[in-house]
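Trainee: Got a structure here, written out as structure tokens. Questions coming.
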Amino acid sequence: MKKITLLIPVYNEEESIDALYIALLPLLDNTHPLLVGAQYEWEIILVDDGSHDLSLKKIKELSFYDSRIRYVSLSRNFGKENALLAGFDRMTGDAMVIMDADLQHPIDTIPEMLEMWEEGYEDVYGHRLSRGRESILRKAFTRAYYSILNRSTSVDILPNVGDFRLLDRKVVDAIRGLRESQRYTKGLYCWVGFKKTGIDFKTADRKTGKTHMSAGRLINLALEGITSYTTAPLRIATVLGFIVSLVSICYMIYIVCKTLIYGEPIQGFPTIICTILFLGGSQLLALGIIGEYIGKIYNESKHRPPYIVAEESQTETNKSITTKAPQL
Ligand code: UDP
Ligand code: MG
């Protein structure tokens with residue numbers, strides 16, 4: 001019997017956990033109407049990403065009550081991307097479905113994903129038709145961001161496609177091998193390749209609690225996305241530097257000639273100020289861009305583990321977990 005792992009990152013979701021478990025039961029028991037005749041063995045991995053509420057207690061209760069549920073508790077909040085990696089390292093299924101704990105991802109889409117997987121697709125991603133309740137500003141920002149990201153990178157990172165997806169074990173193994181600690185998983189799915197297909201779904205509104213993705217976190221993730229997949233900003237800085245230098249040289253020649261011909265009247269204060277400000281600004285911008293990349297090198301060069309486990313449910317498979325990259 002094929003085994004399917006459900007990976008669910010949890011951060012302060014005490015109010016949704018019970019509802020989530022109840023909603024998942026038809027799948028776990030293979031009684032879901034859309035699971036036509038299919039019989040799967042199910043495993044749920046709940047990764048508690050350093051929650052401050054009663055999430056961990058609830059998760060532990062569930063795993064005590066239902067042996068198909070395993071949990072991992074991280075020592076602090078490492079962020080969703082790293083929490084996902086903890087689950088990647090522990091999955092034992094033939095395929096894995098990643099979904100949020102807040103019931104925004106429709107469970108009825110999972111049987112469809114499994115069907116596509118059975119047809120031979122290795123990465124079945126959910127494609128959001130609507131983005132649920134979101135501000136106009138966030139929607140506009142997202143659209144502009146993906147357009148910039150895709151124009152500047154060689155891997156196609158699809159808009160409106162997130163972590164709700166089914167991955168074959170091969171894809172999971174490939175992603176486990178990528179141990180960068182500043183992760184942008186959405187890009188990693190595309191970077192590793194494999195046979196992909198999409199399934200449309202409508203994002204539901206959050207039933208309880210509120211999103212953890214504040215504007216600041218989203219901006220950080222967006223920068224992570226760009227700096228992880230392309231060095232185009234460095235190239236832009238170089239080109240910009242080159243253009244500014246060229247214009248400056250032309251202007252210098254003009255000033256020198258003008259002074260030689262007409263002498264040096266006390267004029268041009270605004271020009272000098274504008275030039276200094278412009279040059280200063282573009283130098284700072286270029287330095288900032290270079291700094292972003294140096295910062296990444298600095299962080300990665302420390303070789304810190306992407307997450308630290310405080311405790312986890314004891315199973316036979318746990319003993320064999322290594323947080324080192326697997327040999328591919
Ligand atoms: N999450 C997490 N760690 C974090 C933030 C979020 O594990 O630091 C989990 C959260 O519990 C949820 C999923 O990631 O299961 C998506 O988070 P959220 O709903 O806040 O994001 P949104 O759906 O608004 O993008
Ligand atoms: Mg959500």
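For the sequence shown, position 72 (counting from the first letter as 1) is numbered 72 according to my numbering, and the numbering increases by one without interruption. We put the beta carbon where it would ideally sit given N, CA and C, even for glycine.
Please classify E311: does DSSP put it in a helix, a strand, or coil?
Mentor: Your numbering for residue 311 matches position 311 in the sequence shown. E311 falls in the strand class under three-state DSSP.
Trainee: Within a Cβ cutoff of 7 Å, which residues of the same chain sit near Y21, ignoring the five residues on either side of it in sequence?
Mentor: Within the sequence shown, residue 21 is the residue found at index 21, counting from 1. Counting only Cβ-Cβ distances below 7 Å, and skipping sequence neighbours, we find L62.
Trainee: Could you please give the first and the last residue of the uninterrupted alpha helix (DSSP H) stretch that includes G225?
Mentor: On the sequence shown, position 225 is the one that residue 225 refers to. Looking at the DSSP string, the run of the alpha helix (DSSP H) that includes G225 is A215 to Y229.
Trainee: For the ligand UDP, any of its heavy atoms closer than 7 Å to the Cβ of E268?
Mentor: As a first step, residue 268 must be located in the sequence shown, where it is residue number 268. In the sequence as displayed, the identity of residue 268 is Gly instead of Glu. Every heavy atom of the ligand UDP is 7 Å or more from the Cβ of G268, so no.
Trainee: State yes or no: is the C-beta of Q39 nearer than 7 Å to some heavy atom of the ligand MG?
Mentor: In the sequence shown, the residue the question calls residue 39 occupies position 39. No, the ligand MG has no heavy atom inside 7 Å of this Cβ.
Trainee: In terms of residue numbering, what span does the beta strand (DSSP E) encompassing S73 cover?
Mentor: Numbered from its first residue, the sequence shown carries residue 73 at position 73. Looking at the DSSP string, the run of the beta strand (DSSP E) that includes S73 is I69 to L74.
Trainee: What's the call for G288, buried or exposed, on a 16-neighbour Cβ count within 10 Å?
Mentor: Along the sequence shown, one-based indexing puts residue 288 at 288. Exposed is the call here.
Trainee: T322: buried (16+ other C-beta within 10 angstroms of its C-beta) or exposed?
Mentor: Translated into the one-based positions of the sequence shown, residue 322 becomes position 322. Confidence at T322 is low in this model, with a pLDDT of 48, below 50, so the placement of that residue should be treated as unreliable; the coordinate-derived value is given next. Exposed, because fewer than 16 other Cβ atoms sit within 10 Å of the Cβ of T322.
Trainee: What separation, rounded to the nearest whole angstrom, lies between the Cα atoms of L103 and S181?
Mentor: Here residue 103 refers to the residue found at position 103 when the sequence shown is read from its first residue. Here residue 181 refers to the residue found at position 181 when the sequence shown is read from its first residue. Going from the Cα of L103 to the Cα of S181 covers about 27 Å.
Trainee: Inspect the beta-carbon positions of I45 and M91 and report whether they are closer than 8 Å.
Mentor: To locate residue 45, count along the sequence shown from 1; it is residue 45. To locate residue 91, count along the sequence shown from 1; it is residue 91. In contact: I45 and M91 (Cβ atoms closer than 8 Å).
Trainee: Going along the chain, which residues of its own chain have a beta-carbon closer than 7 Å to the beta-carbon of T153, five neighbours each way excluded?
Mentor: Counting from 1 along the sequence shown, the entry for residue 153 is found at position 153. Result list for T153: Y229 and T230, in chain order.
Trainee: Residues with a Cβ closer than 7 Å to any heavy atom of the ligand UDP, in chain order?
Mentor: For the ligand UDP, the selected residues are I8, P9, V10, Y11, N12, E13, V47, D49, N77, G79, K80, A83, D100, A101, D102, Q104, R206, T211, H212 and M213.
Trainee: Buried or exposed: which applies to L260, given that a residue is buried once 16 or more other Cβ atoms fall within 10 Å of its Cβ?
Mentor: Numbered from its first residue, the sequence shown carries residue 260 at position 260. Answer is exposed; the Cβ neighbour count stays below 16.
Trainee: According to DSSP, which residues form a beta bridge with E43?
Mentor: What you label residue 43 is simply residue 43 of the sequence shown in a count that begins at 1. Paired residue(s): T5.
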